[in-house]
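Novice: In the numbering used here, the protein residues as written are 405 to 817. Got a structure here, written out as structure tokens. Questions coming.
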Amino acid sequence: MKLLTVETRQYLQYYHSRYQQVEALGVELYVLNGEGTEDFWPADRYRLVGTKDIGDMIATAKEWHAVEDFAGVITFSEAAVVAVATIAEALGLPGIGVEAALNSRNKLLMREAHEAAGAPIPRFRYVTGLEQAQEAAREFGYPVIIKPTLGAGSHFVFKCDDEAELVEHHEQAAAGIRELFWANSEADGIDLGPNGLLVESFLDGKEYLMEAVSWDGELYLGSVVDRITAEGGTFDDDVHHAPTSMSPEDLAAVHEVVKAGALAQGLRRSAMHAEVRFHEGKPYLLEIAARVGGGGLDMIARITADHDPIAAVVDIAAGKRPDVRHFQPTGTHTASMCLISAAGVVDRVDVPAEVSGSERVFLLKVTARPGDVIKRPPDGNTIVGFLGTTGSSEQDALALMEEYASKIEVSFR
405 MKLLTVETRQ YLQYYHSRYQ QVEALGVELY VLNGEGTEDF WPADRYRLVG TKDIGDMIAT
465 AKEWHAVEDF AGVITFSEAA VVAVATIAEA LGLPGIGVEA ALNSRNKLLM REAHEAAGAP
525 IPRFRYVTGL EQAQEAAREF GYPVIIKPTL GAGSHFVFKC DDEAELVEHH EQAAAGIREL
585 FWANSEADGI DLGPNGLLVE SFLDGKEYLM EAVSWDGELY LGSVVDRITA EGGTFDDDVH
645 HAPTSMSPED LAAVHEVVKA GALAQGLRRS AMHAEVRFHE GKPYLLEIAA RVGGGGLDMI
705 ARITADHDPI AAVVDIAAGK RPDVRHFQPT GTHTASMCLI SAAGVVDRVD VPAEVSGSER
765 VFLLKVTARP GDVIKRPPDG NTIVGFLGTT GSSEQDALAL MEEYASKIEV SFR
């Protein structure tokens with residue numbers, strides 16, 4: 405089977421490991437990049453359009469499809485979800501549909517879809533200036549969250565405890581989204597909806613991340629992960645434990661909330677990454693992305709819940725029902741984290757053999773390269789990479805992860 409994967413703007417080599425997983429499933433994977441480098445993928449299965457104009461990308465995809473006869477189109481990039489839905493529709497291949505893609509990409513459209521369907525969400529308001537943000541915050545009550553409508557990776561997402569912090573963070577977020585990679589990497593020629601800021605009421609409980617599948621009206625939580633970060637004013641998605649410690653009753657409630665949100669967004673047949681947060685004992689939707697979660701969440705799903713999100717993406721792209729089950733933990737525990745350093749220009753990242761060679765390290769991915777600029781809040785949320793370890797319990801896995809993380813050294817120029 406031949407599949408086409410798309411990046412509107414190439415994001416370094418970040419998705420290579422995902423592409424290799426797809427090929428390990430027996431798929432011939434062809435890569436179409438709007439903007440990128442010439443040597444990104446083997447030449448006979450790679451096309452570089454040279455522009456991220458959606459018309460040019462569709463034309464290139466159509467010409468290639470006429471020769472290769474692709475079974476489907478996929479992406480792992482948040483910035484390509486809408487483009488892939490548009491290309492799949494143009495090629496007559498299975499897809500989530502452009503409307504569902506827009507509802508799953510633009511946080512304002514997502515919130516409006518959730519609200520119309522009665523799905524539980526925080527209070528929200530789209531704001532076009534500081535005065536409107538202040539009015540919303542006074543109405544909702546502090547603390548509030550300010551976030552981009554076309555963001556990703558928690559960039560320029562801030563918790564504001566009072567008006568002074570709102571003033572400061574509104575200015576930072578409004579300036580930051582103008583140069584935000586994810587917003588500026590969308591295909592040109594598609595109306596994505598407002599590119600601005602939302603103010604939302606704060607949810608004060610624990611947060612959970614899920615790799616899920618929607619298929620013809622049923623929702624499957626394949627993997628459920630606890631976010632165990634000690635939070636401040638920003639939202640680094642940095643420390644996780646799996647499988648979840650949620651009670652069966654809470655898990656059932658989360659299932660219904662995610663199902664409601666997926667249906668509201670129009671995700672009838674889709675792999676997805678969902679985030680839920682509790683407030684006053686009840687689950688509320690943070691977001692549902694129409695793609696697999698980043699970092700090592702695919703690996704965590706396989707290890708702790710015997711769910712393969714990558715295989716689900718492949719099957720759904722070809723119009724086939726994936727092999728998926730409702731959440732059922734395997735008994736193996738994992739702890740994982742984003743490797744976070746100070747800000748600066750990277751000289752090198754040193755990982756000792758004790759860490760890189762450990763059988764209990766299931767995830768070790770250094771994404772920062774010499775010369776890369778690491779930005780930290782309020783300027784951005786760049787990380788060095790990812791680390792994950794296994795254990796017989798949450799405490800066992802966490803202890804080893806923290807020990808190994810302390811031995812990874814980042815030097816700056």
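All C-beta atoms, glycine included, are put in the ideal place defined by N, C-alpha and C.
In this structure, does DSSP put residue 559 in helix, strand or coil?
Specialist: In this structure, residue 559 counts as coil in the three-state DSSP scheme.
Novice: Please report how far the alpha carbon of residue 637 lies from the alpha carbon of residue 606, in whole angstroms.
Specialist: Because the pLDDT of residue 637 is 49, which lies under 50, any placement of that residue in the model is unreliable, and the number read from its coordinates should be weighed accordingly. C-alpha separation (whole angstroms): 12 Å.
Novice: Could you spell out where the beta strand (DSSP E) holding residue 740 opens and where it closes?
Specialist: Start and end: 737–743.
Novice: Apply the 10 Å Cβ neighbour rule to residue 575 and answer buried if 16 or more other Cβ atoms are within range, or exposed otherwise.
Specialist: The residue in question, residue 575, is exposed, as its Cβ has fewer than 16 Cβ neighbours within 10 Å.
Novice: Residue 451 to residue 742, Cα distance in whole Å?
Specialist: Distance between the alpha carbons of residue 451 and residue 742: 32 Å.
Novice: Helix, strand or coil for residue 521, going by three-state DSSP, please let me know.
Specialist: Correct three-state label for residue 521: helix.
Novice: Give the secondary structure of residue 580 by DSSP, where H, G and I count as helix, E and B as strand, and everything else as coil.
Specialist: Here residue 580 sits in helix by DSSP.
Novice: Among 784, 665 and 528, which has the Cα closest to the Cα of residue 556?
Specialist: Closest by alpha carbon: 784.
Novice: Cβ of residue 593 within 8 Å of Cβ of residue 553?
Specialist: No; because the gap between Cβ atoms is not below 8 Å, this pair is not in contact.
Novice: May I ask you to report which of helix, strand or coil DSSP gives residue 778?
Specialist: In the structure shown, residue 778 sits in a strand (DSSP, three-state: E or B).
Novice: Give a yes or no on whether the C-beta atoms belonging to residue 469 and residue 495 are separated by under 8 Å.
Specialist: Cβ atoms of residue 469 and residue 495: closer than 8 Å.
Novice: Provide the residue(s) that pair with residue 710 in DSSP beta bridges, ordered along the chain.
Specialist: DSSP lists no partner for residue 710.
Novice: In three-state terms, what does DSSP make of residue 792?
Specialist: The answer is strand: DSSP assigns residue 792 an E or B state.
Novice: For residue 609, which residues of its own chain have a beta-carbon under 7 Å away from its beta-carbon, when the five flanking residues on both sides are left out?
Specialist: Hits under 7 Å: 681, 682 and 683.
Novice: In angstroms, rounded to a whole number, what distance separates the CA positions of residue 423 and residue 660?
Specialist: Each residue's alpha carbon lies about 32 Å from the other.
Novice: For residue 658, tell me which candidate among 537, 687 and 573 has the shortest Cα-Cα distance.
Specialist: Nearest C-alpha to residue 658: 687.
Novice: Near residue 643, what residues of its chain come up, given a Cβ to Cβ distance below 6 Å and the 5 sequence neighbours on each side ignored?
Specialist: So the list reads 632, 633 and 741, once near-sequence residues are dropped.
Novice: Compute the Euclidean distance between the alpha carbons of residue 410 and residue 480, then round it to the nearest angstrom.
Specialist: If I take the Cα positions, the gap works out to 8 Å.
Novice: Once the 5 residues before and after residue 427 are set aside, which same chain residues still bring their CB inside 6 Å of it?
Specialist: Excluding positions up to five away in sequence, the list reads 433.
Novice: Just to confirm my understanding: we take residue 456, look at its own chain, exclude 5 residues before and 5 after, and list those with CB closer than 7 Å. What are they?
Specialist: Cβ within range, chain order: 412, 413, 438, 439, 591 and 592.
Novice: Between the alpha carbons of residue 815 and residue 778, how many angstroms are there, rounded?
Specialist: Near 11 Å, if we compare the C-alpha coordinates of residue 778 and residue 815.
Novice: Looking only at DSSP bridge pairs, what is residue 644 linked to?
Specialist: Per DSSP, 631 and 740.
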